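Which chain is which? The protein sequence lines are L and B, in order.
Residue numbering for the first sequence follows the numbering used here, beginning at 1 and increasing consecutively.
Residue numbering for the second sequence follows the numbering used here, beginning at 1001 and increasing consecutively.
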Amino acid sequence: MIERFILDKNDLSYWLRQIRKNASLIAPVKSLVGDVVFESLEQIHEISLDHPLPPPSVKEFLFPQIETMFEYNGDEIKEIIDEEMRVVVGLRSCDASAIKIIDRFFAGETGSDYDMVHPNRKYKDPYYFSRRQNTVFISMGCNVPGAVCFCYNLGAGPFLDSGFDIQLIDLEDRYLVEADSEKGKGLVRRYDYLFRKVETGDLEDRFEALLSSISKFEKRIDLRETGQKIKNSMPDSFWQWVAERCFECGGCVYVCSLCTCFNIVDYNFSNQSGKRCRIWDTCLFKGFTEMAGRVIPQEKKEQRLKRWWFHKILYYPEQFKTFGCVGCGRCTITCPGHIDIATLSEKIMGWR
Amino acid sequence: MIENIYRPFKVIISEIKQLSENVRLFRLKLDREIDYLPAQFFMLGVWGAGEVPISVASTSGRDPYIEFGIRKVGKVTGALHELKAGEAVWMRGPFGNGFDLKTAHGRDIIFVAGGIGILPLRALINHILMERHFFGRLFLIYGSKRPSEMLFSDEIPLWKEAGIDVILTVDIKDGLWRGYTGVVTEHIDRIKTDFREACSYICGPEVMIENTVKELSLRGMPDHLINISLERRMKCGIGKCGQCYHGIEYICINGPVYTYEDIKKRLALYGA
Ligand SMILES: Cc1cc2nc3c(=O)[nH]c(=O)nc-3n(C[C@H](O)[C@H](O)[C@H](O)COP(=O)(O)OP(=O)(O)OC[C@H]3O[C@@H](n4cnc5c(N)ncnc54)[C@H](O)[C@@H]3O)c2cc1C
Ligand code: SF4
Ligand code: FES
């Protein structure tokens, strides 16, 4: 059951200051060059909540770009498990939706018949979950969706109905605070003197805000239709056309809230000691699947692009009953070739 | 704390045997009971070099040790080849599904191996010989590039004694070679069986697999009785890193063994 409260906007910084006493607080901050990024918050007033979505997703706080898994020294092996307490505030509904999905991925629980066909699939990733257990996410509903956003079509926004830790809905002078997970509820209960009870008027305002937000989406993308079309009728020449526009930068994968592929590499400090790390990797790079004898199963760029698309739009729904995309639009901001999910979907629907 | 499935355990090498110029067989002493199936694999590693997937070459329930045949091709396999008896390797596993034997009960079996594909098939053959009475007639076609690259020349006579019809073939023969020449598919018709009722286990380079499957299919072998062990690049072995992803499958957990029926349905799904 979701618990709802009202927080006066003036009390937000006090609440965050209290939270920061027991955990490191991460929030969107404007950097010196003007980019908004998720960072550990030094000064509470630096928090920047009225910004478009930060280009890097919050996945890095659960699955960092590079992380040490083990340190070795001769036969001595040390597991490096990150158990720092973190509270991340200011992520959006799409980010929170993505976390729900990658939770299932890293737990090895697809939640579909796929589990039953493959009973040995349930491997739980210890690095991801040690962070996940110690992190609380306070996401924000979006009253004004960005120009690149299409989360509404994917059921990943602008507000969420459930499955989050805490969700804040901006009601002009106050926040509607919704707590769903036990961790989220705990973070509200501990400071209950800051919150007051919800009244009918607050819920009416929430409803108004939601309707108004939904009416403001500029992008309408139906990935179900895109899926049908790439499954049945996109010619090889189309994928070649896409490949010509791909710079193989991997930007879309790095910013994507849902892409989780990685490589594992050992770095030596000396001839006996070093560390084993995992690093983000992408299926769009040619070396990704390279095997002995330089055999590369997905050698051509168009094959690799096609695989990324098929994975997100056709295979993800089969395995997880949801698309491998939450409509955050980050790849639209990032892709220099304009072959991001939204732009290319529109292209596919118009292709004949 | 969550169990760390990436954490390997240490095992001491008791014996190393040179099988060919660049393939060595490592015999390891296990200090714990581990059950595994033919065509399952372990991640074998050397700290500082990394980990690689290697199929078991020994047979659980028969051998009191575990064996891996490793071909030296690069960084990690090179580091493994540097190791001597008495030294340690680090391993985790077993991973993957392994060969399914139930569908083979009561049938003639054709094993087809190309190159080091014989390693997992050796585990399978020795397993099947343990339960010989469940199966019909057994045939092995084993091809390598050169006679010097044929592995297990000391064990093949034992297989023959146990009643397996063995066909050995090489691409390039030398003066002493008394077996056949040519690729494995050229010798399929030497097998006297009803292909529509028999089943097969295939392991080797991808082109060899493709051609063998085609030939067996042509002779009427049903898709679900053609078993193939696939190879992909693997880093985690547990369906997380994505390196082995193909079609809708993580080969490391859903495979590496697929029937031809699965391959058509799940791996070539939608043609991606
Ligand atoms: C399920 C499975 C079972 C296997 N069983 C055996 C076995 O029993 N015996 C054996 O000798 N080999 C086996 N292999 C192949 C073996 O894993 C690779 O030869 C090994 O990973 C190469 O690693 P490397 O560090 O020595 O090579 P690298 O230095 O990494 O590079 C050499 C070449 O190998 C490629 N490579 C890297 N990782 C892999 C990989 N996982 N698979 C294939 N090529 C790769 C590189 O891209 C490069 O082209 C198996 C592979 C799989 C997937
Ligand atoms: S594919 Fe693009 S729109 Fe979809 S979640 Fe990833 S970055 Fe966002
Ligand atoms: S080896 Fe990592 S997903 Fe298969």
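Cβ atoms here follow ideal geometry from the backbone N, Cα and C, with glycine treated the same way.
It should be emphasised that the depicted structure is a prediction, and the values quoted were computed from it without experimental measurement.
{"Item": "So what does DSSP say about residue 207/L, is it helix, strand or coil?", "Value": "helix"}
{"Item": "In angstroms, rounded to a whole number, what distance separates the CA positions of residue 47/L and residue 208/L?", "Value": "26 Å"}
{"Item": "Verify the CB distance criterion: does residue 34/L have a CB-CB separation below 9 Å to chain B?", "Value": "no"}
{"Item": "Counting by C-beta, which residues lie closer than 7 Å to a heavy atom of ligand 3, in chain order?", "Value": "1234/B, 1235/B, 1236/B, 1237/B, 1238/B, 1239/B, 1240/B, 1241/B, 1242/B, 1243/B, 1244/B, 1245/B, 1250/B, 1251/B, 1252/B, 1253/B"}
{"Item": "So is the beta-carbon of residue 1077/B under 8 Å away from any non-hydrogen atom of ligand 1?", "Value": "yes"}
{"Item": "Below 6 Å CB to CB, which residues in the same chain sit around residue 276/L once its five sequence neighbours on both sides are set aside?", "Value": "69, 70, 266"}
{"Item": "Could you check how far apart the C-beta atoms of residue 1004/B and residue 126/L are, in whole angstroms? I think they sit under 8 Å.", "Value": "5 Å"}
{"Item": "Answer with buried or exposed for residue 1240/B, where buried requires no fewer than 16 other C-beta atoms within 10 angstroms of its C-beta.", "Value": "buried"}
{"Item": "Contact between the stretch 161 to 172 of chain L and the stretch 214 to 228 of chain L: three or more CB pairs below 8 Å?", "Value": "no"}
{"Item": "Distance cutoff 9 Å, beta carbons only. Does residue 148/L sit that close to anything in chain B?", "Value": "no"}
{"Item": "Taking buried to mean at least 16 other C-beta atoms within 10 Å of its own C-beta, is residue 1161/B buried or exposed?", "Value": "exposed"}
{"Item": "Going by alpha carbons, who is nearest to residue 1127/B out of 1039/B, 1007/B, 1192/B, 1252/B?", "Value": "1039/B"}
{"Item": "Any C-beta of chain B within less than 8 Å: which residues of the stretch 62 to 94 of chain L qualify?", "Value": "69, 70, 72, 75, 77, 79, 81"}
{"Item": "Would you decide whether residue 131/L is buried or exposed? Buried here means 16 or more other CB atoms lie within 10 Å of its CB.", "Value": "buried"}
{"Item": "Of the residues 205/L, 313/L, 192/L, which one's Cα is nearest the Cα of residue 231/L?", "Value": "313/L"}
{"Item": "Exposed or buried, what is residue 1051/B when buried is set at 16 or more other beta-carbons lying within 10 Å of its beta-carbon?", "Value": "buried"}
{"Item": "Consider the Cβ of residue 123/L: report whether some Cβ of chain B lies at a distance smaller than 9 Å.", "Value": "yes"}
{"Item": "Residues of chain L with CB under 8 Å from residue 1243/B, in chain order?", "Value": "261, 263, 281, 288, 289"}
{"Item": "Since residue 1069/B is in the beta strand (DSSP E), which residue starts that stretch and which ends it?", "Value": "1066 to 1071"}
{"Item": "Check distances from the C-beta atoms of the stretch 1229 to 1242 of chain B to those of chain C and list, in chain order, the residues that come in under 8 Å.", "Value": "Within the model displayed, chain C is absent; protein chains L and B are what it includes."}
{"Item": "Establish whether the CB of residue 60/L and some CB of chain B are separated by less than 9 Å.", "Value": "no"}
{"Item": "Against chain L, with Cβ distances strictly below 9 Å, would residue 1039/B count as a contact?", "Value": "no"}
{"Item": "With respect to the beta strand (DSSP E) encompassing residue 1226/B, which residues constitute its N-terminal and C-terminal limits?", "Value": "1226 to 1229"}
{"Item": "Return the CA-CA distance between residue 343/L and residue 150/L, expressed in angstroms with no decimal places.", "Value": "11 Å"}
{"Item": "So, at 6 Å on beta carbons, what are the nonlocal neighbours of residue 1260/B in its own chain, with the 5 sequence-adjacent residues on each side left out?", "Value": "1213, 1223, 1226"}
{"Item": "Which bits of chain B does residue 56/L rub up against, with CB to CB less than 9 Å?", "Value": "Under the 9 Å cutoff, chain B gives no residues; its nearest Cβ is about 20 Å from residue 56/L."}
{"Item": "For the 8 Å Cβ check, are there 3 or more pairs between the stretch 2 to 9 of chain L and the stretch 172 to 191 of chain L?", "Value": "yes"}
{"Item": "By the criterion of Cβ-Cβ separation under 8 Å, what are the contact partners of residue 274/L in chain B?", "Value": "1047, 1048"}
{"Item": "So, helix, strand or coil for residue 1193/B, using DSSP?", "Value": "coil"}
{"Item": "If distances are taken between C-alpha atoms only, which option among 80/L, 91/L, 59/L, 303/L comes closest to residue 103/L?", "Value": "59/L"}
{"Item": "Should residue 293/L be flagged as near chain B, meaning a C-beta pair shorter than 9 Å?", "Value": "For residue 293/L, the pLDDT reaches just 49, beneath the cut-off of 50, and the residue's location in the model is therefore unreliable, leaving the point undetermined."}
{"Item": "Alpha carbon to alpha carbon, what distance is there between residue 138/L and residue 1245/B?", "Value": "33 Å"}
{"Item": "Can you confirm whether residue 1247/B, when its beta carbon is compared against all beta carbons of chain L, has any partner nearer than 9 Å?", "Value": "yes"}
{"Item": "How would you label residue 203/L, buried or exposed, when you count the other beta carbons within 10 angstroms and need 16 or more for buried?", "Value": "exposed"}
{"Item": "Give the interface partners of residue 1004/B over in chain L, defined as CB-CB distance under 7 Å, in chain order.", "Value": "79, 126"}
{"Item": "Using the Cα positions of residue 112/L and residue 319/L, report the straight-line distance between them to the nearest angstrom.", "Value": "6 Å"}
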